[in-house]
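The structure appears right after this line, and notes come after that.
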Amino acid sequence: MNYKYMKSEAEEDNSRIYYFEIDGEGVVYRQVTVIDGLIYVSNRPYGSRHFILSESPIEFNLQEAIRKQDFEAIWKRGNQPFYSRWEEIKVRCSKGDLIEGEIECIFPHGIVINLNDDIYGVVDYKAVCKKSGSRRIYPRNKVRGTISGFDEENLWLIISDGEVIS
1 MNYKYMKSEA EEDNSRIYYF EIDGEGVVYR QVTVIDGLIY VSNRPYGSRH
51 FILSESPIEF NLQEAIRKQD FEAIWKRGNQ PFYSRWEEIK VRCSKGDLIE
101 GEIECIFPHG IVINLNDDIY GVVDYKAVCK KSGSRRIYPR NKVRGTISGF
151 DEENLWLIIS DGEVIS
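Under full-length UniProt numbering, read the sequence shown as residues 1 to 166, first letter to last.
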């Protein structure tokens, strides 16, 4: 997919800076939010702030465009606290392992699953709908699936054969 990158400062509050990775339709795939110097990345929950990812399309503004390298630098800085845990997770979890977790949220990437112990996974939304029906896809419902890979960008397990089990 071809992404664009931009940096935007909140008009009403200079203490907030947003970095976006967006597709051609303005859908946000990754977001970094800086609030009073604290960095929040969209692939992790932060207490009451939960997962921070724009739900509305973002209109690309050429004046606010940044290079991919600039976005990646702030993304890596925001994920720094999670990298050592991610390496442990990859040793502990193997492709083919059966896992269960709760639906945390739905992102453009798919359904984000909380597998406990700071472990998150993503499963294809359409595949789960086909197997379980869309009416069962709600936060806190349990999903079972198989680890099929590792999303190094978001530090998530990739889950296949996902189905809602409760």
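The beta carbon of each residue, even a glycine, is placed where N, CA and C say it ideally should be.
Name the two residues that bound the continuous alpha helix (DSSP H) containing residue i.
{"i": "N79", "result": "68-79"}
Would DSSP call residue i helix, strand or coil?
{"i": "K4", "result": "strand"}
{"i": "L62", "result": "helix"}
{"i": "I165", "result": "coil"}
{"i": "C93", "result": "coil"}
{"i": "R30", "result": "strand"}
{"i": "G47", "result": "helix"}
{"i": "R140", "result": "coil"}
{"i": "S160", "result": "strand"}
{"i": "E88", "result": "helix"}
For the candidate residues the options, whose alpha-carbon lies nearest to that of residue i?
{"i": "Q69", "options": "D124, Y19, A10", "result": "Y19"}
{"i": "K7", "options": "N43, S42, I74, E25", "result": "I74"}
{"i": "D23", "options": "S94, P108, D13", "result": "P108"}
{"i": "G96", "options": "D161, M1, N43, Y5", "result": "D161"}
{"i": "N154", "options": "E25, Y29, E104", "result": "Y29"}
{"i": "Q63", "options": "I137, I165, E163, E9", "result": "E9"}
{"i": "L157", "options": "G149, E163, K142", "result": "G149"}
{"i": "V143", "options": "E152, K131, D151", "result": "K131"}
{"i": "E88", "options": "I165, D117, I99", "result": "D117"}
{"i": "T33", "options": "V27, Y5, L53", "result": "L53"}
{"i": "N79", "options": "I66, Y46, S94", "result": "Y46"}
{"i": "F12", "options": "I35, S42, R77", "result": "Correcting the residue identity first, residue 12 is Glu in this sequence and not Phe. For the residues I35, S42, R77, the minimum Cα distance to E12 belongs to I35."}
{"i": "P81", "options": "E100, L38, A65", "result": "L38"}
{"i": "L115", "options": "C129, I99, E55, V123", "result": "I99"}
{"i": "D151", "options": "E25, N2, H50, N43", "result": "N43"}
{"i": "residue 255", "options": "C93, E25, K90", "result": "Coverage of the chain is limited to positions 1 through 166, which leaves residue 255 absent and any answer about it impossible."}
{"i": "V122", "options": "G145, I159, C93", "result": "I159"}
Can you give the beta carbon distance from residue i to residue j, rounded, assuming they're within the 8 Å contact cut?
{"i": "Y125", "j": "G110", "result": "5 Å"}
{"i": "I113", "j": "I103", "result": "6 Å"}
{"i": "I147", "j": "V164", "result": "Between V164 and I147 the Cβ distance is about 18 Å, and since that is not below 8 Å, they are no contact."}
{"i": "F60", "j": "E21", "result": "The Cβ separation is near 11 Å, so there is no contact."}
For the beta strand (DSSP E) holding residue i, just list the boundary residues, first then last.
{"i": "S42", "result": "S42 -> no beta strand (DSSP E), and no H or E assigned at all."}
{"i": "G101", "result": "98-107"}
Looking at the strands, I want to know which residues DSSP matches up with residue i.
{"i": "D151", "result": "W156"}
{"i": "R16", "result": "I35"}
{"i": "V128", "result": "In DSSP, V128 forms no bridge with anything."}
{"i": "N116", "result": "Bridge partners of N116: none, in fact."}
{"i": "G145", "result": "I99"}
{"i": "I111", "result": "I106, V123"}
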